[in-house]
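**Q** Before we start, here is the structure in question, set down as structure tokens.
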Amino acid sequence: MKFSKLFLIALSASLFVSCSSDDGDSNEPQGIYDNGVFILNEGSSGQGTVSFLSEDFSVFTKDIYTAVNGDDLLGKYAQNIFFYEDNAYIIAGGSDVINVVNRYTFKLVDKIETGLKNPRYGVVKDGKAYVTNANSYADWGAPATDPGNMDDYVAIIDLKTNKYESKIDLNATGNRLVLENGKLYITEPVTSTRLLVVDIAAKKLEAPIEIGSNADCIEEENGFLYILRGPYTNRSEIVKVKLSDKSVSKITFPETLDGAGFMDIEDNKVYYTVGSSVYAINANATTASTTPIVTSPAGYVYGFAVNNNRIYIADGVFTKDGSAYIYDLSGALLKELTTGVGTNGFYFND
Amino acid sequence: MIFKKRFTFCLLLLCQIISAQHDSITKLKEVLVSDTNLKKYSDSQSVLKLNDSIISKNEALLTDLLNFNSSLYFKEYGRGMLSTVSFRGTTSSQTAVIWNGININSQMNGSTDFNTISGTDYNSVSVKAGGGSVIYGSGAVGGTVHLNNDLDFYNRFENNLKLDYGSFNTIGINYKTNISNKKWSAQIGISNNSSTNDYKYVDKYTWKGEQRWNRNGEYNIFTMSANLGYKLNAKNILKLYTQTSNTDRNTSLVTETETPSKYINGFNRNLLEYVGSFGKLTANLKTAYIFENYQYYADNSINDYTYGKTESLITKADFGYTLFKSTQINGIVDYNKTTGTGSGFGTNTREISSASLLVKQNISTSWINEFGVRKEFTDNYKSPVLFSLGSSYQFGQLYNLKLNLSRNFRIPTFNDLYWEPGGNRDLKPESSYQAEIGNVFTFSNITLTQTFYYIKIKDLLQWVPGNNGIWTPQNTDNVNSYGAETLLSWKKQFGKNIFSVNVTYAHTISENINTKKQLFFVPFDKATAAIAYSRNRISANYQFLYNGFVYTRADNDPDEIINDYMISNIGIDYDFNFFDSFKLGFQVLNLFNEAYESLENRSMPGRNFNMYLILKF
């Protein structure tokens, strides 16, 4: 998978909070994999794997899916995890499958095996999952009108039955997404220059918003969408879209920050990566920071997240196990882990 | 494991290559070999020749033939699927496949898929261990595999038909006819091998408890060959070799939910050759046109594919001269122009010229020296001066010592150079130095060959993530590969009972110099054994393969390996003696129903059956 992959922002904090508040106020663990982070490893020639690290760092298991489910194959190119009630949903893009596991025990509950074609990222609303599917791929450099660039869709999956229900055609490419006020906002970094908007009640595309090429990470904060784009031959930018009127503003990075990679927002601060370095600015800032909080030893940053005052960086390695580095917000290293092949994301189970 | 220990012991005596059984009939007649340099310049190395009687005892595709009869190691993406080789611990593009003297490794990816070649299309398949870039060019680093069609010039009209029917609806039709007299020789062959290939995975079940089986594994391989020789007179011979093939395969699924895809590839090869012998001077002129193409359908159900194709024009002039009685030299110049077009790499052309000089010196009947040097000229990459030096000395009847030293290389492919995105036009060829010592012991009916080798490979090409997440090839790694090969052959007749035994064993260390780790997907140990017995019209054989475990990760994680496996096949056939020969045979493959795979989650079949009919008339 040559696709640059980022941390899933789709799983915005609000979603989590609503889930965990159902569990009541007690923070009693409901299984051995409660209160910790799932680290997704997409795999290479082999299957994807999931590692687990407990919140207090006392427990780390490299491959929990196999540890719990034995021989069962998770699938190729594990791309994303999303949660709903007691389940975690692991998307294996190369195998057209979503594995449904209990988020506390990681026991396989079900598999969503139909309606998916190169699935990428998912979000949940009212018991339904909305999963982007790349469907067929066009050749590199093909125009946006190439059939392979026109057939991406959002699969709608009923999470009560774990069955594919219907789809919404995007007539464009779609990859990462967030869900705000009944609307999906979808970016795609290879071909698209627009932010797609989908009304999920009407199952209809709304007018897209022009944001520029190479837009990938997307997150909502305080009524704004924050989108990071890192073109190869031009300046990186954070594009801000005001949800109320769809107006667009930009924070253009200096040339030294060309090729920005990942972005996450936590406690009103926007964290982003360029190369192996992490930077932060206030959510209302108008210029980029050029002073890194930390520069990790990761040779190829392939996953990134900021959660609960910790910065998580994945070093994607494809011929052997990769690494994850965990820092506090001042950049002090808290933990270094040997994860799996192609580590690409962090998903917090709390 | 006792087995391993026993072989480690053998290893001390190490080995190399044996010329396996010859068809005694053809020995007496004049045979024109297609690749004269293979015969002439391989005295200091080992060549294992598998003739048609061995070929016909194996499954049709070349992977099976070489897997059970040589020390080559194969990775198969399931039965009949993509199959790549590793020879002496090198990569899949460091074994060159040579068709009648012409290097046919893919210009696009540098390697050959051994499941797209049917062994029955050739008179012999030879495996030459060790470097051969001076003669065969790019990719002859670990060794070379030679597919040869020999033309005979004597009066005959022979037809050979082999029909196979086996488990998973596996059907083979292989027909060959030889028509020749003293002036003309023609050989025409057709083969078609197909299978629905829907075998069950031994002891594998889905999460729902259903038996897992090989989905989307259908294949069909069709090849047609026509080879023609004409003797203008005693001094001048013209030869034409043509071959066309199409492989239509689905790609077997790892998990049930994957989108079924398919891969179609084919080739067309034409070689026109002139051989002239004028006393001390010989001339060999070759012109070849080679076409290869593929189409990959990511989704079977949609008529949308990516593709690639290349056309190569090769011309070669080889002049030989006998300087003194004992010394022969060959001067060779060649020119190769390849144009490639593909959805992944646009259209590009590359031209390579080369000049080489080969010298062979027969100092006495027991002492032979070989020397070769080659230099390529091209704009695409910087080419090193290649050389080889070899010597063979026969001590009495018992012992033959062989020494060989060579420098070899593998050039970047069209994918490496031009792939969009990521292709890197600034690559060096992979290059290697190789040294080997071969010991050949012959006592009565036994031949034992042991070879120790050491290969130092630098600038290994690897695709790694570059800036902006785009993967790009780089000359990253340096590798030391060393080990030992043993070949043992024994043949004995007791009255009407004929026994033969052929054993190969390879011990391979292939170590990344920077990390000191064994390369992944290189087994430390591989062994094969074939035992054959015949009496009158009955013959029976037993084949055995042991493949040691391989690491699947660069860090040699002991938890991430492909387990070792031992596979046994047995076969028996009876000749009813209608026509020239009418053999009916039956085989049990994977006799002990071993659950095995050569790649992660790519299960191979359990016990399965095959019957065949060989008809000669």
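Order-wise, the sequence lines are chains A and B. Numbering (the working numbering) for the first sequence: 1002 to 1351. Numbering (the working numbering) for the second sequence: 7 to 623. We put the CB at the ideal spot given by N, CA and C, even for glycine. Keep in mind that this is a model prediction, so the values were computed, not measured.
Determine the chain E residues that contact A:K1118 at a beta-carbon separation under 7 angstroms, and present them in chain order.
**A** In summary, chain E is missing from the structure at hand, where the protein chains are A and B.
**Q** In the structure shown, what three-state DSSP assignment does A:I1033 receive?
**A** To locate residue 1033 of chain A, count along the first sequence from 1; it is residue 32. A:I1033: coil per DSSP, three-state reduction.
**Q** With distances taken Cα to Cα, identify the nearest neighbour of B:E606 among B:N569, B:S98, B:R431.
**A** As a first step, residue 606 of chain B must be located in the second sequence, where it is residue number 600. Comparing Cα positions, the closest option is B:N569.
**Q** Would B:M572 be called buried (16 or more neighbouring beta carbons within 10 Å of its own) or exposed?
**A** Looking up residue 572 of chain B in the second sequence gives position 566. Under this definition B:M572 is an exposed residue.
**Q** Which of the three DSSP states, helix, strand or coil, is assigned to A:A1068?
**A** Position 67 of the first sequence, counted from the first residue, corresponds to residue 1068 of chain A. In this structure, A:A1068 counts as helix in the three-state DSSP scheme.
**Q** Within this structure, are the beta carbons of B:S77 and B:A512 separated by less than 7 angstroms?
**A** Walking along the second sequence from the start, residue 77 of chain B turns up at place 71. Walking along the second sequence from the start, residue 512 of chain B turns up at place 506. Yes, the pair counts as a contact, with Cβ atoms nearer than the cut-off.
**Q** Going by beta-carbon coordinates alone, are B:Q100 and B:G148 separated by less than 7 angstroms?
**A** Here residue 100 of chain B is taken as the residue at index 94 of the second sequence, counted from 1. Here residue 148 of chain B is taken as the residue at index 142 of the second sequence, counted from 1. Yes, the Cβ-Cβ distance between B:Q100 and B:G148 is below 7 angstroms.
**Q** Between the beta-carbon of A:F1319 and the beta-carbon of A:G1343, is there less than 7 angstroms?
**A** As a working mapping, residue 1319 of chain A is identified with position 318 in the first sequence. As a working mapping, residue 1343 of chain A is identified with position 342 in the first sequence. Their beta carbons are under 7 angstroms apart, which means A:F1319 touches A:G1343 by this criterion.
**Q** What are the uninterrupted segments assigned as alpha helix (DSSP H) that are 4 or more residues long and contained completely in the stretch 1239 to 1314 of chain A, given in chain order?
**A** If we require 4 residues or more, the stretch 1239 to 1314 of chain A turns out to have no alpha helix (DSSP H) run fully inside it.
**Q** Assuming B:I320 contacts B:I338 (C-beta within less than 8 angstroms), just tell me the rounded distance between them.
**A** Indexing the second sequence from 1 puts residue 320 of chain B at position 314. Indexing the second sequence from 1 puts residue 338 of chain B at position 332. About 12 angstroms; that fails the 8 angstroms criterion.
**Q** Among B:I123, B:I108, B:L493, B:Y247, which residue has its Cα nearest to the Cα of B:K55?
**A** Here residue 55 of chain B corresponds to residue number 49 of the second sequence, with the count starting at 1. Per the Cα distances, B:L493.
**Q** Got a sec: is the Cβ-Cβ distance from A:K1108 to anything in chain B below 7 angstroms?
**A** Start at 1 with the first residue of the first sequence, and residue 1108 of chain A comes out as number 107. So no, A:K1108 is outside the interface.
**Q** Taking the runs of the beta strand (DSSP E) that are 3 residues or longer, which of them lie wholly in the stretch 361 to 397 of chain B?
**A** List check, beta strand (DSSP E) in window: 373 to 383.
**Q** For B:N274, which three-state DSSP category applies?
**A** What you label residue 274 of chain B is simply residue 268 of the second sequence in a count that begins at 1. Three-state DSSP puts B:N274 in a strand.
**Q** Measure the alpha-carbon distance for A:A1306 versus B:E436 and round it to whole angstroms.
**A** Counting from one through the first sequence, the residue named residue 1306 of chain A turns up at place 305. Counting from one through the second sequence, the residue named residue 436 of chain B turns up at place 430. About 40 angstroms.
**Q** Using 8 angstroms for Cβ pairs, my map puts B:G235 next to B:S516. What's the rounded Cβ distance?
**A** As a working note, residue 235 of chain B is residue 229 in the second sequence. As a working note, residue 516 of chain B is residue 510 in the second sequence. Not really, about 41 angstroms apart at Cβ, beyond 8 angstroms.
**Q** Where does B:F120 fall in DSSP's three states?
**A** Within the second sequence, numbered from 1, the residue matching residue 120 of chain B stands at position 114. Reduced to three states, the DSSP call for B:F120 is helix.
**Q** Closer than 8 angstroms by beta-carbon distance: list the chain B residues that pair up with A:E963, in chain order.
**A** Residue 963 of chain A lies beyond the residue range present for chain A, which begins at 1002 and ends at 1351; the question has no answer from this structure.
**Q** What runs of the alpha helix (DSSP H), each 4 residues or longer, lie entirely inside the stretch 139 to 201 of chain B?
**A** DSSP runs (the alpha helix (DSSP H)) wholly in the stretch 139 to 201 of chain B: 139 to 142.
**Q** For a contact meaning CB atoms closer than 9 angstroms, what does B:P479 contact in chain A?
**A** For the purposes of this step, residue 479 of chain B is taken as the residue at position 473 of the second sequence. Residues of chain A passing the Cβ test: none, with the nearest at roughly 13 angstroms.
**Q** Taking the CB atoms as reference points, tell me whether B:Y247 and B:L277 lie closer together than 7 angstroms.
**A** What you label residue 247 of chain B is simply residue 241 of the second sequence in a count that begins at 1. What you label residue 277 of chain B is simply residue 271 of the second sequence in a count that begins at 1. Contact: yes.
**Q** Which residues of the stretch 461 to 476 of chain B have a Cβ closer than 7 angstroms to any Cβ of chain A? Give them in chain order.
**A** Taking 7 angstroms as the Cβ-Cβ cut-off against chain A, the residues of the stretch 461 to 476 of chain B that qualify are P471, N473, N474, G475, I476.
**Q** Comparing C-alpha positions only, which one of B:L44, B:D41, B:E65 sits nearest to B:Y618?
**A** The residue you call residue 618 of chain B lines up with position 612 of the second sequence. With distances taken between Cα atoms, B:Y618 lies closest to B:E65.
**Q** Is the stretch 272 to 288 of chain B touching the stretch 190 to 199 of chain B in the sense that three or more CB pairs, one from each, lie closer than 8 angstroms?
**A** Output reads no: the stretch 272 to 288 of chain B does not touch the stretch 190 to 199 of chain B.
**Q** Under 8 angstroms, with one C-beta from each stretch per pair, do the stretch 1095 to 1110 of chain A and the stretch 263 to 275 of chain B reach the 3-pair mark?
**A** The answer is yes - the stretch 263 to 275 of chain B touches the stretch 1095 to 1110 of chain A, with three or more Cβ pairs under 8 angstroms.
**Q** For A:S1167, does the three-state DSSP call read helix, strand or coil?
**A** If you number the first sequence from 1, residue 1167 of chain A lands on position 166. Correct three-state label for A:S1167: strand.
**Q** Answer yes or no: does any C-beta atom of chain B fall closer than 7 angstroms to that of A:D1023?
**A** As a working mapping, residue 1023 of chain A is identified with position 22 in the first sequence. Any reading at A:D1023 must be qualified, since the residue scores a pLDDT of 40, below 50, and its modelled position is unreliable; no value is offered.
**Q** Using alpha carbons as the reference points, say which of A:G1304, A:R1311, A:T1339 lies closest to A:I1082.
**A** The sequence position of residue 1082 of chain A within the first sequence is 81, counting from 1. When only C-alpha atoms are compared, the closest one is A:G1304.
**Q** Of all Cβ atoms in chain A, is any one closer than 7 angstroms to the Cβ of B:P427?
**A** Counting from 1 along the second sequence, the entry for residue 427 of chain B is found at position 421. It does: the Cβ of B:P427 has a partner Cβ on chain A nearer than 7 angstroms.
**Q** Contact criterion: CB-CB distance below 7 angstroms. Does B:R559 meet it with respect to chain A?
**A** Against the second sequence, residue 559 of chain B aligns to sequence position 553. So yes, B:R559 belongs to the interface.
**Q** Check whether the Cβ atoms of A:N1134 and A:P1120 lie closer than 7 angstroms to each other.
**A** Against the first sequence, residue 1134 of chain A aligns to sequence position 133. Against the first sequence, residue 1120 of chain A aligns to sequence position 119. Cβ atoms of A:N1134 and A:P1120: closer than 7 angstroms.
**Q** Please compile the residues from chain A whose C-beta is within a distance smaller than 8 angstroms of the C-beta of B:I308.
**A** Residue numbering aside, residue 308 of chain B sits at position 302 when the second sequence is read from its first letter. Residues of chain A passing the Cβ test: S1137.
**Q** In whole angstroms, what separates the C-alpha of B:E426 from that of B:F351?
**A** Mapped onto the second sequence, residue 426 of chain B falls at position 420. Mapped onto the second sequence, residue 351 of chain B falls at position 345. Rounded to whole angstroms, B:E426 to B:F351 spans 6 angstroms at the Cα level.
**Q** Return the first residue and the last residue of the alpha helix (DSSP H) that B:D422 is part of.
**A** Along the second sequence, one-based indexing puts residue 422 of chain B at 416. Note, B:D422: alpha helix (DSSP H), 420 to 424.
**Q** To be precise: take each residue of the stretch 340 to 367 of chain B, compare its Cβ to all Cβ atoms of chain A, and keep it if any distance is under 8 angstroms. Which residues remain?
**A** Per Cβ criterion, the list reads S349, G350.
**Q** Expressed to the nearest angstrom, what Euclidean distance is found between the alpha-carbon atoms of B:P611 and B:F174?
**A** One-based indexing of the second sequence puts residue 611 of chain B at position 605. One-based indexing of the second sequence puts residue 174 of chain B at position 168. Near 10 angstroms, if we compare the C-alpha coordinates of B:F174 and B:P611.
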